[in-house]
Structure formats: C-alpha cells, structure tokens
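Encoded as structure tokens, the structure appears first; notes follow it.
Listed below in structure tokens is the structure:
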C-alpha cells in the first residue's frame, strides 16, 4: 500500500503553507503500511512557540479552504508540539527542542520518506 493521491495533494498544500510561515526541516513519511488511519506524516519545525502556532494555523487555513477540514487538533495552546489530523495526512509541528526529544524520524525510520523539496518548488 502507498499513500493515496488525496494524501499527497494535502501534503503539497500543507508543505507550502508551512514553508510560507517559516517552517523548517520539513520531512514527509509514507506511513500507509504500518498505520491503518493515516497515509502520510508531515514533520515541521518552528523556531518559537509563536512560530509553531502560526505554522499550524496556516496549514489548517489552507487545507480548510481546499475542503480538507481538521479532524483533530492537539497541543495548540502550548505551541511546543501541535498535532493536526486531516485524515490521510497527520501534521506534527514541533518546537525545535521537542522535535529533537521525541525523534519521530527515528521512531518511523522504516517508513519511506517522501520528497518535499519538489512540492515547495512547484507552487501552484
């Protein structure tokens, strides 16, 4: 099984939204094989609590306008690790320290990475 086209479309929108608000170290992982509830994880780093919140808010806004509502949101009040669940796509927006501490890239190391740079270059 591989990530659905819908998940990949949402990933592109989310990656561009995160980038527009200064999101750093964007990593996308295809988690469709081990997880029954999501196809793609997008990991993003913000450089402050305010930046983490701004990134998450922009992603929610862009995906919402595209017809993909947020199903669940956690951590918004602290701005340290915000989880946004859009169904096929789950976005983790981290403060730098939390990203290093929790190391989701290590946890999901068996999952293939999806290229993010072409998504940012192909702004449509």
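Numbering (this note's numbering), first residue to last: -8 to 115.
Yeah, the Cβ is synthetic: ideal placement off N, Cα and C, and Gly gets one too.
Given the structure is predicted, the values throughout are model-derived calculations rather than measurements.
Assigned with DSSP and collapsed to three states, residue 37 falls in strand. When the beta-carbon positions are compared, residue 14 and residue 36 come within less than 8 Å of each other. DSSP places residue 21 in the uninterrupted beta strand (DSSP E) bounded by 15 to 21. Residues of the same chain with a CB within less than 6 Å of the CB of residue 12, apart from the 5 flanking positions on each side, are 45, 46 and 49 in chain order.
As the crow flies, the alpha-carbon of residue 81 is around 12 Å from that of residue 60.
Sequence-distant Cβ neighbours of residue 85 in its own chain, meaning closer than 6 Å and more than five residues away, are 36 and 72.
Per DSSP, residue 4 is one residue of the alpha helix (DSSP H) stretching across -4 to 11. By the beta-carbon neighbour count (other beta carbons within 10 angstroms, threshold 16), residue 58 is exposed.
Within the same chain, Cβ atoms closer than 7 Å to the Cβ of residue -2 are found at 30, 31, 79 and 80, the five residues on either side in sequence being excluded.
Its Cα nearest to that of residue 38, the residue 16 stands out among 103, 8, 16 and 51. With distances taken between CA atoms, residue 102 lies nearest to 22 out of 4, 22, 2 and 8. For residue 84, the secondary structure class from DSSP, reduced to helix, strand or coil, is strand.
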